[in-house]
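Heads up, the thing below is written out as structure tokens.
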Amino acid sequence: MSAGAQIPLLLLGNNDAKTDIDVLQWGLRVRSAPPTRVHMARPFGSLSDAALQSRPDGVTQQKQVPKLVGTRKETANKSDRPQERILISEVEITGADADLKKLAMNTIKTRPNFAYTLDEVKKDVERVFNTGWFRECVPDAVDTRDGVKLIIKVVPNEELKGMVMTGANILPNNVIDNALHDMQGKTMNFVSVKRAIKKLDSWYSDQGIVGQVTDFDFKEGILRIQCAEAVVGSIDLQFIDPQTQLPREKPRTRPEIIRRHLQTEPGKVYSLTQAKRDIASIYSTGLFEDVSIAPKEAEDSTETHPKIDLTLNLLERKTGGMGAGGGLSAQATAEGGMPGFVGSFSYSEKNLFGLNHRLSARAELGQIDKNFQVVYTDPWLWGDKHRTSRTISLMNTRTSGFVVLGRPAPETAAAAGTTANGLGAGPVSSTSASSDTVLLSRLTGGVEYQRPLSATWSGTLGAHVQRTSCINEHGIKLNTDCYGAPLTCSGHPEDKQLLTSMSTSYGNPEDDSQLLFSLDQSVPFLQRDWLRFTRFRLRVDKPIPLPGPFTWLLKAKGGHVQGDLPPYEAFPIGGTNSVRGYSEGSVGSGRSWIECTSELRFPVMSAVSGCLFFDYGSDLGSGASVIGNPAGIREKPGWGYGYGGGVRMDTPVGPLRLEYAWNAKHVGRFHVGVGYD
1 MSAGAQIPLL
11 LLGNNDAKTD
21 IDVLQWGLRV
31 RSAPPTRVHM
41 ARPFGSLSDA
51 ALQSRPDGVT
61 QQKQVPKLVG
71 TRKETANKSD
81 RPQERILISE
91 VEITGADADL
101 KKLAMNTIKT
111 RPNFAYTLDE
121 VKKDVERVFN
131 TGWFRECVPD
141 AVDTRDGVKL
151 IIKVVPNEEL
161 KGMVMTGANI
171 LPNNVIDNAL
181 HDMQGKTMNF
191 VSVKRAIKKL
201 DSWYSDQGIV
211 GQVTDFDFKE
221 GILRIQCAEA
231 VVGSIDLQFI
241 DPQTQLPREK
251 PRTRPEIIRR
261 HLQTEPGKVY
271 SLTQAKRDIA
281 SIYSTGLFED
291 VSIAPKEAED
301 STETHPKIDL
311 TLNLLERKTG
321 GMGAGGGLSA
331 QATAEGGMPG
341 FVGSFSYSEK
351 NLFGLNHRLS
361 ARAELGQIDK
371 NFQVVYTDPW
381 LWGDKHRTSR
391 TISLMNTRTS
401 GFVVLGRPAP
411 ETAAAAGTTA
421 NGLGAGPVSS
431 TSASSDTVLL
441 SRLTGGVEYQ
451 RPLSATWSGT
461 LGAHVQRTSC
471 INEHGIKLNT
481 DCYGAPLTCS
491 GHPEDKQLLT
501 SMSTSYGNPE
511 DDSQLLFSLD
521 QSVPFLQRDW
531 LRFTRFRLRV
541 DKPIPLPGPF
551 TWLLKAKGGH
561 VQGDLPPYEA
571 FPIGGTNSVR
581 GYSEGSVGSG
591 RSWIECTSEL
601 RFPVMSAVSG
611 CLFFDYGSDL
621 GSGASVIGNP
631 AGIREKPGWG
641 YGYGGGVRMD
651 TPVGPLRLEY
661 AWNAKHVGRF
671 HVGVGYD
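For what it's worth, the UniProt record's numbering labels the leading residue of the sequence shown as 1, then goes sequentially.
This is the structure:
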């Protein structure tokens, strides 16, 4: 209880709790509490039976009193005859102070100088008792020359001196205090007690906990409230055969991999809310088609100590396989060429050694891009209580450098044969690009650790070694581009770096708000000419619900690089996932950059939504600070905006985006994208 509480409160363990338990699909249902031990006995046989008295144990009983003078004798067919009305000359409440007398008088409907039947008088006595203030209500009748004087003798309840809670092992003291604080140091009122018990039961229900108040009594100034909270007995795992739907003896997944996802444990109070979280956590491993919990009453369960045993039913899914495919690359189209063919082969296993370790290997071959990668992930390092994951990766990629080093789009191109400063292209050597085709060849290996920081925050630490070289379509390494500008920072055909990274991300599943901050530090490791730079990036997404079906989405992202910055590492601006209305990278590329988007989304039909958007991006005047000034040579504006609209369709591989936008020069362009931007 809070510091201001005046009533002594004693919390005891489970004892003498009474409850009825039914087994349901998701857990236990505790039936509504049995009638409290303070209750009304009905109906009354006659007014002489209308006296109400609470025994010391709290149970209400009837008390014999003299009958009203002048009433008829009872006969066998009395119930068939209309009751005789009796003139009440006076009504008096005795045995209570002035406040309680006034309360009782305001409760009854009997008034002097009116005639009433016996049933009407008995109902008035019941009304007085049902106020909850009295432990005894005894009606009496005195015959006078003006009629019958009705006297209701009451005995108020004792003052509440203290409370004892039994069986409330997880019910917080502040919840108890909030429910019962109005009764502190006052005359006991059973109506208030029932109202307080309803609040306590609501807490159990709201928290998804199988528990409730099962009984209470009031004796010698002490209110005793008894609770029952169902405790978990045992948890068994049962793997289901997908063919026979019967239990299988040899599962692929080790039991300890599943149990580490369970916060529900033997000896803890059973929570339906936590059980659902456990199911979601196990399902998120990607190893199971179906996960369910089947509870049953434990053999040693008693009324005072309810206990349940849980069986976790698990249906495993196929976790590994190989695949091959082909398609058209959208990269060449974005760069102004014809779509290129891409072939791919992949192998993956999500449950290596039965430990939920993941191994994937993938190869993609296209006319421009080539991608080979092997990734090994342990999603939960053994024995780590923070659920830290580790990913080891090795990648060899060849991608186009067009977004930074390619020729500009027509709407931003310089006059043929001139550079941004009016000079022609420099001399072309064997290590210079003879065209705008510059490919980036990267060999990268590293390790990354990630862990949740809270329910909505996660953090990542990593280290990678990378070797990058610029080559032409024949695989020859290049030092300069077709304008004679350097392509690497070291001056050699390739750059090397040891990159350490740290990032933190926030994601709210309730409204899809997102925040991502990353900080990269590249330091010289083996040789002094290795790259040295610091880079940070920030992204914020915030959807705002509007009246009706509309959602206003605000997005902003930006970054900066301090130190060595090779041209291929500059931030490109413009394109489908940047400033729409421009081709990829045709707004600019710089050491610093910022992009903002305002987008109005609305549903069109099932699985299809529409959008209206406005994008803005800028290199903040940093394009010239990049080695070789690739954006300036190609006469990219350095800033731009785009506006337009489009539709999104949900597909198995993610949203398919079809959009049309106009840029700052009012030139229109279609954009096609797959996945989230």
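The beta carbon of each residue, even a glycine, is placed where N, CA and C say it ideally should be. Since this is a predicted model, take the numbers as computed values, not measurements.
Could you name the residues of the same chain whose beta carbon sits closer than 6 Å to that of residue i, not counting the 5 residues immediately before and after it, in chain order?
i: Ile544; result: Trp552
i: Gly610; result: Phe602, Val604 and Val647
i: Pro34; result: Unreliable positioning characterises Pro34 in this predicted model, as indicated by a pLDDT of 31, which lies under 50. The coordinate reading is nonetheless provided below. Counting only Cβ-Cβ distances below 6 Å, and skipping sequence neighbours, we find nothing.
i: Phe372; result: Ala363 and Asn396
i: residue 708; result: In the structure displayed, the chain extends from 1 to 677; residue 708 sits before or after that span and is not available.
i: residue 678; result: Lying outside 1 to 677, the shown extent of the chain, residue 678 is not represented and no answer is given.
i: Gly673; result: Thr576 and Arg657
i: Ala96; result: Val154 and Pro156
i: Tyr204; result: Gly211 and Gln212
i: Leu612; result: Leu600 and Gly645
i: Pro255; result: Leu237
i: Val375; result: Ser360 and Ser393
i: Val69; result: With a pLDDT of only 36 at Val69, under 50, the local geometry of the prediction cannot be trusted, and the value read off the model is given with reservation. Excluding residues within five positions, the ones whose Cβ falls inside 6 Å are Asp143.
i: Lys557; result: Arg539 and Glu595
Do the CB positions of residue i and residue j come within less than 8 Å of each other?
i: Tyr582; j: Phe614; result: no
i: Ile151; j: Cys137; result: no
i: Asp217; j: Leu312; result: no
i: Gly325; j: Phe341; result: no
i: Gly559; j: Gly574; result: no
i: Val154; j: Ile93; result: yes
i: Leu468; j: Asp495; result: Checking the sequence shown, residue 468 turns out to be Thr, not Leu. A contact, by the Cβ cut-off of 8 Å.
i: Thr319; j: Glu349; result: yes
i: Pro266; j: Ser301; result: no
i: residue 766; j: Ile258; result: No answer is possible for residue 766: the residues shown for the chain start at 1 and end at 677.
i: Ala228; j: Pro172; result: no
i: Ile293; j: Leu314; result: no
i: Asp541; j: Gln514; result: yes
i: Ala115; j: Arg135; result: no
i: Thr264; j: Asn356; result: no
i: Ser518; j: Leu498; result: no
i: Gly638; j: Gly588; result: yes
i: Gly147; j: Leu87; result: yes
i: Ser592; j: Asp619; result: yes
i: Val232; j: Lys268; result: yes
Kindly give me the distance between the Cβ atoms of residue i and residue j, rounded to whole angstroms, as I take these residues to be in contact under 8 Å.
i: Leu223; j: Lys186; result: No, Leu223 and Lys186 are not in contact; Cβ-Cβ is about 12 Å, not under 8 Å.
i: Gln83; j: Thr117; result: 4 Å
i: Gly462; j: Gly445; result: Not really, about 11 Å apart at Cβ, beyond 8 Å.
i: Gly617; j: Ser578; result: 6 Å
i: Asp369; j: Ser400; result: 7 Å
i: Asp182; j: Ser192; result: 7 Å
Spatial neighbours of residue i within its chain, please: C-beta separation below 8 Å, excluding the five flanking residues on both sides.
i: Pro493; result: Thr431, Ser469, Cys470, Lys477, Leu478 and Asn479
i: Val175; result: Lys199, Leu200 and Trp203
i: Tyr660; result: Gly644, Gly645, Gly646, Gly668, Arg669, Phe670 and His671
Less than 7 Å between C-beta atoms, sequence neighbours within five positions excluded: which residues of the same chain meet that for residue i?
i: Gln6; result: Bear in mind that a pLDDT of 34 at Gln6, under 50, signals an unreliable position, so the number given afterwards is only what the model happens to contain. Excluding positions up to five away in sequence, the list reads Gln184 and Gly185.
i: Arg252; result: Glu316, Asn351 and Gly354
i: Ile627; result: Pro486, Cys489, Leu565, Pro566 and Pro567
i: Gly675; result: Gly654 and Pro655
i: Gly383; result: none
i: Phe345; result: Ala324 and Ala363
i: Trp530; result: Lys496, Gln497, Leu498 and Pro524
Can you tell me which residues form a DSSP beta bridge with residue i?
i: Glu659; result: Gly646 and His671
i: Gln514; result: Gly507 and Asp541
i: Pro255; result: The partner list for Pro255 (beta bridge, DSSP) is empty, contrary to what the question assumes.
i: Asn396; result: Phe372 and Leu443
i: Asn174; result: Answer is none; Asn174 lacks a bridge partner.
i: Met105; result: Met105 pairs with nothing; no bridge assigned.
i: Tyr347; result: Met322 and Ala361
i: Lys555; result: Asp541 and Thr597
i: Tyr116; result: Ile86
i: Gly95; result: Answer is none; Gly95 lacks a bridge partner.
i: Ser458; result: Pro452 and Ser505
i: Asp290; result: Leu315
Give a yes or no on whether the minimum CB-CB distance between residue i and chain C is below 8 Å.
i: Arg580; result: Looking at the structure shown, chain C is missing, and only one protein chain is on hand.
Runs of beta strand (DSSP E) lying entirely within the region 185-237, each at least 3 residues, in chain order = 211-219 and 222-229
Secondary structure, alpha helix (DSSP H): runs of 4+ residues fully inside the region 579-650 = Correct list: 630-633.
Those runs of the alpha helix (DSSP H) which lie wholly inside the region 470-505 and span at least 4 residues = none
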